[in-house]
Amino acid sequence: MPSRMTNYISIRPETQSGQPCIGNTRIPVEVVIRAWWYTTVSEEVICNNWGITPQTLRIACWYWGCYRRRTKIGHAWTDWAERNEGLMWLSEYEMVSLPSRQADA
Numbered sequence: 001m002p003s004r005m006t007n008y009i010s011i012r013p014e015t016q017s018g019q020p021c022i023g024n025t026r027i028p029v030e031v032v033i034r035a036w037w038y039t040t041v042s043e044e045v046i047c048n049n050w051g052i053t054p055q056t057l058r059i060a061c062w063y064w065g066c067y068r069r070r071t072k073i074g075h076a077w078t079d080w081a082e083r084n085e086g087l088m089w090l091s092e093y094e095m096v097s098l099p100s101r102q103a104d105a
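And the structure:
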């Protein structure tokens, strides 16, 4: 994971049993990405509910698409994550649209 993104995603054994979390919080990345995948709730509502920024939501989705490919959601987002990898590395988060979600299908 790009070092700039470690401010957004952290993995610490003492927090949530080592599950990836949003920044230095105890909010599991999986909870946030499931909120995007399974609902039709807007990006703004998800960000407000979890106290995160739109760029953090994109990084969480990108992380899941890159590093959790064996999950249903990760598998669905693999192509999206690969297409946007360059922009993510350059911290051009505002140029990255959010991935598709099951609720859109």
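Residue numbers (full-length UniProt numbering): 1 to 105. Don't be surprised by glycine CBs; every beta carbon is placed ideally from N, CA and C.
With distances taken between CA atoms, Ser-97 lies nearest to Ala-81 out of Ala-81, Tyr-67 and Val-31. The count of Cβ pairs closer than 8 angstroms, one atom from the stretch 40-50 and one from the stretch 88-96, stays below three, leaving the stretches out of contact.
By DSSP's assignment, Ile-22 forms a beta bridge with Ile-9. Pro-54 and Cys-47 have their C-alpha atoms some 6 angstroms from each other. Here Cys-66 has Ala-81 as same chain residues with Cβ atoms under 7 angstroms from its own Cβ, once five neighbours each way along the sequence are excluded. C-alpha of Arg-69 to C-alpha of Trp-77: approximately 8 angstroms in a straight line. A distance of 8 angstroms or more separates the beta carbons of Ile-9 and Val-32.
Pro-28 is bridged by DSSP to Cys-21.
Restricting attention to Ser-100, Arg-58 and Arg-101, the CA atom closest to the CA of Leu-87 is found in Arg-58. Taking Asn-24 as the centre and dropping the five residues before and after it, the same chain places the C-beta of Ser-10 closer than 8 angstroms to its C-beta, in chain order.
Each residue's CA atom was taken as its position, placing Asn-49 and Ser-91 some 24 angstroms apart.
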